[in-house]
Amino acid sequence: MDWQTLISNERVVASFVTAIVGGGVVAAGWFWTHALSRRRDKLLRSERINDIQRALLAEIRAHVVALEAQRDTGGLQSLTMISDKDYLPILPHDANDRIFRAIVEEVHMLPEWAIDPVVRYYRLLAVRAALAQDIRSNARDYPRRAAEMFQDYIALNEETLETGLDAVEVLTASLHGGRQEVEAMLVRRQRDMAGDLVAAAPRAPNTRSSDPRDL
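Counted the way the working numbering counts, the sequence shown spans residues 509 to 723.
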């Protein structure tokens, strides 16, 4: 049977058309399933990122509130007290990074604008905890050295508070509107800083708040 006869055979042609249509349907189904799978994975990843941001925001905000209260009430002991050999400083053994340690392997999933303030904040927490331990170990035998270290601890507390407030602002803006909201927040901050420079006024105490209603 030559090719011309084979092509003119209706049964053969029908089988050929059926094979083409069936293959096209299978291919279209595969592409459609793949697209749906990618869309589902993207949604799940987005939800996971938002969950991580909310969890970190809650943990950071809770500690920032504590630092604000500590600063406002003068909760830190004075340097003259720590210079007394019979006095041991009461420094918190707080663990303010449990959530961060639980999701540290997923930090890379955070938006690029959120990674830096979050990592800086938790790095300061680690430095703060190490410095507190050094103060405790030196307070009894080396009170003068402990007093100097305690002064650094107070300054580190303030830096941790500022960095925590920055992380709270960025995470809140990120959850509310993503990159666009974060960029708008940074523009507002730069405008406020420029206004302060123009006014040439002495630097006022930090007025940022950890209360989400003020953000």
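The beta carbon of each residue, even a glycine, is placed where N, CA and C say it ideally should be.
Q.
Three or more C-beta pairs under 8 Å: does that hold for the segment 662 to 678 against the segment 614 to 632?
A. yes
Q) When you compare only the Cα positions, how much space is there between ALA577 and GLU677? A) Position 69 of the sequence shown, counting from 1, holds the residue named residue 577. Position 169 of the sequence shown, counting from 1, holds the residue named residue 677. Going by the C-alpha atoms only, they are around 19 Å apart.
(Q) Which residue marks the beginning of the alpha helix (DSSP H) containing ALA610, and which one marks its end? (A) On the sequence shown, position 102 is the one that residue 610 refers to. That run of the alpha helix (DSSP H) goes 606 to 610.
Q. Between the Cα of ARG687 and the Cα atoms of ALA675, ALA574, ALA622, which residue gives the shortest distance?
A. On the sequence shown, position 179 is the one that residue 687 refers to. Ranking ALA675, ALA574, ALA622 by Cα distance to ARG687 puts ALA622 first.
Q) Skipping 5 residues on each side, what residues in its chain have a beta carbon closer than 7 Å to that of MET509? A) On the sequence shown, position 1 is the one that residue 509 refers to. In this prediction, MET509 has a pLDDT of 49, which is less than 50 and means its spatial position is unreliable; what the coordinates show is noted afterwards. So no residue of the chain qualifies.
Q) Mind checking whether LEU618 and ILE557 have CB atoms under 8 Å apart? A) Here residue 618 is taken as the residue at index 110 of the sequence shown, counted from 1. Here residue 557 is taken as the residue at index 49 of the sequence shown, counted from 1. Against a cut-off of 8 Å, the Cβ pair of ILE557 and LEU618 comes out as a contact.
Q: Kindly list the residues whose CB is nearer than 8 Å to the CB of GLY703, restricted to its own chain and excluding five residues on each side of it in sequence; keep chain order.
A: Taking the sequence shown and counting its residues from 1, the one referred to as residue 703 is at position 195. Excluding residues within five positions, none has a Cβ falling inside 8 Å.
Q | Spatial distance of THR671 from VAL573 (CA atoms) | A | For the purposes of this step, residue 671 is identified with residue 163 of the sequence shown, where counting begins at 1. For the purposes of this step, residue 573 is identified with residue 65 of the sequence shown, where counting begins at 1. The alpha-carbon atoms of THR671 and VAL573 are separated by roughly 13 Å.
**Q.** Three-state secondary structure assigned by DSSP to LEU664
**A.** Working through the sequence shown from its first residue, we reach residue 664 at position 156. Residue state, collapsed to three classes: helix.
Q) ARG562: which of VAL615, GLY531, ARG546 sits nearest, CA to CA? A) For the purposes of this step, residue 562 is identified with residue 54 of the sequence shown, where counting begins at 1. Minimum Cα distance to ARG562 is reached at VAL615.
Q. Would DSSP call ARG562 helix, strand or coil?
A. Translated into positions along the sequence shown, residue 562 becomes position 54. Helix, per DSSP.
Q. Is the CB-CB distance between ALA654 and ALA647 below 8 Å?
A. Taking the sequence shown and counting its residues from 1, one reaches residue 654 at position 146. Taking the sequence shown and counting its residues from 1, one reaches residue 647 at position 139. Yes. Within cutoff.
Q. So ALA640 and TYR661 are in contact, right, with Cβ under 8 Å, and what is the actual spacing, rounded?
A. The residue given as residue 640 occupies position 132 in the sequence shown. The residue given as residue 661 occupies position 153 in the sequence shown. With 8 Å as the limit, ALA640 and TYR661 qualify as a contact, their Cβ atoms being about 6 Å apart.
Q) Could you give the residue range of the alpha helix (DSSP H) that holds LEU632? A) Here residue 632 corresponds to residue number 124 of the sequence shown, with the count starting at 1. Here the alpha helix (DSSP H) through LEU632 covers 620 to 647.
Q. If we count the other Cβ atoms within 10 Å of its Cβ and call it buried at 16 or more, is MET693 buried or exposed?
A. Locating residue 693 in the sequence shown gives position 185, counting from the first residue. So MET693 ends up on the buried side.
Q: Whole angstroms is fine: what's the gap from ARG606's alpha carbon to VAL534's?
A: Position 98 of the sequence shown, counted from the start, is the residue given in the question as residue 606. Position 26 of the sequence shown, counted from the start, is the residue given in the question as residue 534. Computed Cα separation, rounded: 49 Å.
Q. Going by beta carbon distance, what residues of the same chain come within less than 6 Å of THR526, once the five residues before and after it are set aside?
A. Counting from one through the sequence shown, the residue named residue 526 turns up at place 18. So the list is empty, once near-sequence residues are dropped.
Q.
For MET675, which residues in the same chain have their Cβ closer than 6 Å to its Cβ, ignoring the five residues on either side in sequence?
A. For the purposes of this step, residue 675 is identified with residue 167 of the sequence shown, where counting begins at 1. In the sequence as presented, Met is not what sits at residue 675; that position holds Ala. Excluding residues within five positions, the ones whose Cβ falls inside 6 Å are ILE568, PRO625, VAL626, TYR629.
(Q) On the criterion of 16 or more Cβ atoms from any shown chain inside 10 Å, does THR528 qualify as buried, or is it exposed? (A) The residue labelled residue 528 in the question sits at position 20 within the sequence shown. Here the sequence assigns Ile to residue 528, which means Thr is not the residue at that position. ILE528 comes out exposed.
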